[in-house]
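The sequence shown lines up with residues 1 to 257 when you count with this note's numbering. All residues carry an ideal CB built from backbone N, CA and C; glycine is no exception. Remember, it's a predicted structure, so these values are computed and weren't measured experimentally.
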Amino acid sequence: MDNENKSIYEFDFNLICEYYSNLERQGPGSPEVTTKALSFIDNLTEQSRIADIGCGTGGQTMVLAQHTEGVITGIDLFPKFIDLLNTNATKANFQDRIRGIVRNMEDLPFQNEELDLIWSEGAIYNIGFERGLNEWRKFLKVGGYIAVSEVSWFTDQQPQEIIDFWQSGYPEIDTIPSKVAQMQKAGYIPVATFILPDSCWTEHFYAPQVEAQKVFLKKYAGNKAAENFVAFERYEEGLYKKYKAYYGYVFYIGKKI
Ligand code: SAH
1 MDNENKSIYE FDFNLICEYY SNLERQGPGS PEVTTKALSF IDNLTEQSRI ADIGCGTGGQ
61 TMVLAQHTEG VITGIDLFPK FIDLLNTNAT KANFQDRIRG IVRNMEDLPF QNEELDLIWS
121 EGAIYNIGFE RGLNEWRKFL KVGGYIAVSE VSWFTDQQPQ EIIDFWQSGY PEIDTIPSKV
181 AQMQKAGYIP VATFILPDSC WTEHFYAPQV EAQKVFLKKY AGNKAAENFV AFERYEEGLY
241 KKYKAYYGYV FYIGKKI
């Protein structure tokens, strides 16, 4: 399609997709953190049905496949991410165990009580933490697990600049005890909670973006939307470095009761 016929929004959307498809991860995390979260989950067998919601290009989906035996459905809104997931799954010989499908997390294709495990790293914010926990619960068997990572405040009070940033981006950001209480209220036993180490942001999320940004800016030299997008990414990284004592990603693992 010719760029002249696209709305700015559409063009931005495609640019963002392209930028992130060149990265292994689209959010903070690491293989070690995925396996750590998995260590709290028992009763998984060859028969288990697992959903990885907002899987992106599938960095964590591959780790899940390596450390479980069941069948995993990867869900993401962006077709390009799902294509990459399916290609990588085939390359790793997981084509029988990983199936990526394009779908909105607000309209999931599962039956009630079909799933043993719902996984979602750095993605539940798209539907909202509480809404996601509540709406997805019906797809889990009783005794099934949900494991999601979510941005959270570490302290009761924060500097105004970082409050303003998150209030405009994701006002549902909250403290760890508040999120745990929401999980309990939604009908899960809060089994475990842990903070993702700093390296999940620096080494696994921001460091690979340095090269990706150079390549991207070269390709789209003079393109304002591309330049603004990269500038925003860098601004966000700067805020993280400045305020990482106050917020970060937290894994929340719950068991359906
Ligand atoms: N889990 C991956 C990606 C996290 S980024 C990782 O940790 O690397 C958030 C992902 O959610 C993106 O891939 C984005 O395309 C996807 N997403 C955003 N809105 C969505 C929606 N409504 N339904 C499904 N996926 C969505």
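May I ask which residues mark the beginning and end of the beta strand (DSSP E) holding residue i?
i           : result
residue 162 : Taken as a continuous stretch (DSSP letters only), residue 162 belongs to no beta strand (DSSP E), being part of the alpha helix (DSSP H) at 160 to 169.
residue 83  : Counting along the chain, residue 83 falls outside any beta strand (DSSP E), though it belongs to the alpha helix (DSSP H) covering 79 to 91.
residue 206 : Element bounds for residue 206: n/a, residue is neither H nor E.
residue 248 : 247 to 256
residue 258 : Nothing in the structure corresponds to residue 258, since the chain is present only between 1 and 257.
residue 135 : Here residue 135 belongs to no beta strand (DSSP E); instead the alpha helix (DSSP H) covers 129 to 136.
residue 192 : 188 to 195
residue 121 : 115 to 121
residue 144 : 140 to 153
residue 173 : Segment: none, residue 173 is in no beta strand (DSSP E) and carries neither H nor E.
residue 51  : 49 to 53
residue 99  : 98 to 102
Is residue i near the ligand SAH, in the sense that its beta carbon is under 7 Å from a heavy atom of that ligand?
i           : result
residue 18  : no
residue 88  : no
residue 245 : no
residue 74  : no
residue 209 : no
residue 25  : yes
residue 55  : yes
residue 81  : yes
residue 14  : no
residue 104 : yes
residue 121 : yes
residue 196 : no
residue 29  : yes
residue 78  : yes
residue 128 : no
residue 60  : yes
What do you reckon, are the CB atoms on residue i and residue j nearer than 8 Å?
i           : j           : result
residue 21  : residue 85  : no
residue 246 : residue 180 : no
residue 59  : residue 103 : no
residue 15  : residue 226 : yes
residue 118 : residue 82  : no
residue 108 : residue 75  : yes
residue 212 : residue 115 : no
residue 248 : residue 154 : yes
residue 166 : residue 173 : yes
residue 243 : residue 162 : yes
residue 19  : residue 216 : yes
residue 191 : residue 40  : yes
residue 69  : residue 34  : no
residue 223 : residue 186 : no
residue 254 : residue 183 : yes
Could you check where the alpha helix (DSSP H) with residue i kicks off and where it finishes?
i           : result
residue 234 : 224 to 243
residue 59  : 59 to 67
residue 38  : 31 to 38
Looking at the C-beta of residue i, does it have a partner C-beta in chain D at a distance below 8 Å?
i           : result
residue 203 : Within the model displayed, chain D is absent; a lone protein chain is all it includes.
Query raised in the report: Are at least three pairs of beta-carbons, each pair with one atom in the stretch 190 to 199 and one in the stretch 126 to 142, less than 8 Å apart?
Result: no
Query raised in the report: Any contact of the stretch 90 to 103 with the stretch 122 to 137, i.e. 3+ C-beta pairs under 8 Å?
Result: no
Query raised in the report: Looking at C-beta atoms only, is the number of pairs between the stretch 43 to 56 and the stretch 225 to 243 that lie closer than 8 Å three or more?
Result: no
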